[in-house]
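> Just so you know, the working numbering puts the end of the sequence shown at 1790, numbered straight through with nothing missing.
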Amino acid sequence: MAGLLTSVGDDKDKAAVYLADCRKLGITVLPPDVNESGLNFASVGEDIRYGLGAVRNVGANVVGSLIQTRSDKGKFTDFSDYLNKIDISACNKKVTESLIKAGAFDSLGHARKGLFLVHTDAVDSVLGTKKAEAMGQFDLFGGSDDGTGAADPVFTIKVPDDEWEDKHKLALEREMLGLYVSGHPLNGVAHLLAGQVDTAIPAILDGDVPNDTQVRVGGILASVNRRVNKNGMPWASAQLEDLTGGIEVMFFPHTYSSYGADIADDAVVLVNAKVAIRDDRVSLIANELVIPDFSNAQVQRPLSVSLPTRQCTFDKVSALKQVLARHPGTSQVHLRLISGDRITTLELDQSLRVTPSPALMGDLKELLGPGCLGG
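1) Just how far apart, CA to CA, sit T1659 and L1434?
2) Which term fits T1571, buried or exposed, when burial requires 16 or more other beta carbons within 10 angstroms of its beta carbon?
3) Quick check on L1761: buried or exposed, where buried means 16 or more other Cβ atoms within 10 Å of its Cβ?
4) My guess is that D1657 and I1616 are in contact by the Cβ rule of under 8 Å, so how many angstroms apart are they, rounded?
5) Compare the C-alpha of R1527 against each of R1641, T1535, D1623 and W1579 and name the closest.
6) Quick check: what's the CA-CA separation for G1468 versus R1757?
7) Report the residue from D1627, R1641 and H1599 whose alpha carbon sits nearest the alpha carbon of G1634.
8) Can you round the beta-carbon distance between V1400 and S1652 to whole angstroms, since I take them to be within the 8 Å contact cut?
9) Could you give the first and the last residue of the continuous alpha helix (DSSP H) run that contains R1589?
10) Is L1763 near L1779, with beta carbons less than 9 Å apart?
11) Between the region 1672-1684 and the region 1717-1736, are three or more C-beta pairs nearer than 8 Å?
12) According to DSSP, is K1611 helix, strand or coil?
13) If we require 3 or more residues per run, which beta strand (DSSP E) segments fall completely within the region 1716-1757?
14) What residue range does the beta strand (DSSP E) around G1633 cover?
15) With distances taken between CB atoms, is the gap from K1516 to F1494 smaller than 9 Å?
16) Could you name the residues of the same chain whose beta carbon sits closer than 7 Å to that of V1705, not counting the 5 residues immediately before and after it, in chain order?
17) Beta strand (DSSP E) containing N1405: first to last residue?
18) Mind checking whether A1701 and N1687 have CB atoms under 9 Å apart?
19) Does H1669 pass the burial test, meaning 16 or more other C-beta atoms within 10 Å, or should it be called exposed?
20) Kindly indicate the opening and closing residues of the alpha helix (DSSP H) around I1706.
21) The alpha helix (DSSP H) with R1485 in it runs from where to where?
22) Looking at V1473: is its Cβ nearer than 9 Å to the Cβ of L1523?
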């Protein structure tokens, strides 16, 4: 799957479909990481790691330099260590900003917004030193005097703990990667949205739906582009994305005049539209837009799953993740680890929330035994 994702290159529609397939299979797609990523997608055990080369504004030469630095000087321990170690060719504000927005520094323990607030001054501060070092003048900046040739850190910087709201953080991540990776704005409501549509986006993209067919689809709007036609009438195009893929939607003047105010980036919508296939290009022509109301959605209790501690092996946990990933939803999952009379309850990650259903219960019982749902 890693090779398949790399092969589609900049085709974000195909990449989105493959990433959705990964999630259905219980494969976690990990964000890019300055300490772990190579140039391209790579398998990491049962998961897949995003490559640094997929980050906007980060070229292959910069990635090669980062990888060489890791090999020569060891992994980066924090943001200051990163800036101190990297080669001058990789030390620029645009690359650093892009890596921050993509989440590539998350493993260093810094908040993305905090890094964004300080990165400009930090890069400026270290660039002068690196330029002098490149010219053989590093002694002017206090090189090591212990005879080992190892230099003390040139500078350290305090990174604030401020963080963006999840919605904004994911929007910036998508801007840099073309896709949502660490999460998705529809997490928690996708199953509610799915109950109000009649056609899946991948089915349209795959050509399974004939031209001129009326469909009802749902998702989140992105890349909204407002325009004016030759008659001076406003209209718009946008990408409509769900957890499985994205498709272009056209809101021509007649429709735009009724729904233009609701056409906006990050808006969760339902769209009634006609399938338009022209020269192998598939899009939708909208005739109605609805803002779904989830206010009356039933709040479900956490799903409690019991497992004897002695059975809590790597293989068992991996299989459990795959089962939960096949049934995404809004309900929390609590894992009760039982050891004699002692019970330890763990709240599983938000990415593993589920929609309780007979199918899910059957899968859990098959994996963990008939008593796993007791207690």
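Idealized CB from N, CA, C, for every residue including glycine.
If we stick to the structure as given:
1) 8 Å
2) exposed
3) exposed
4) 6 Å
5) W1579
6) 48 Å
7) H1599
8) In this structure the chain extends from 1416 to 1790, so residue 1400 is not present and cannot be described.
9) D1581 to L1592
10) no
11) no
12) Sequence inspection shows Gln at residue 1611; the Lys mentioned does not correspond to that position. In the structure shown, Q1611 sits in coil (DSSP, three-state: anything other than H, G, I, E or B).
13) 1718-1723, 1743-1746 and 1748-1754
14) Q1629 to V1643
15) no
16) V1684 and L1685
17) Residue 1405 is absent from the structure shown; the chain starts at 1416 and stops at 1790.
18) yes
19) exposed
20) Note, I1706: premise wrong, no alpha helix (DSSP H); not H, not E.
21) A1475 to K1488
22) no
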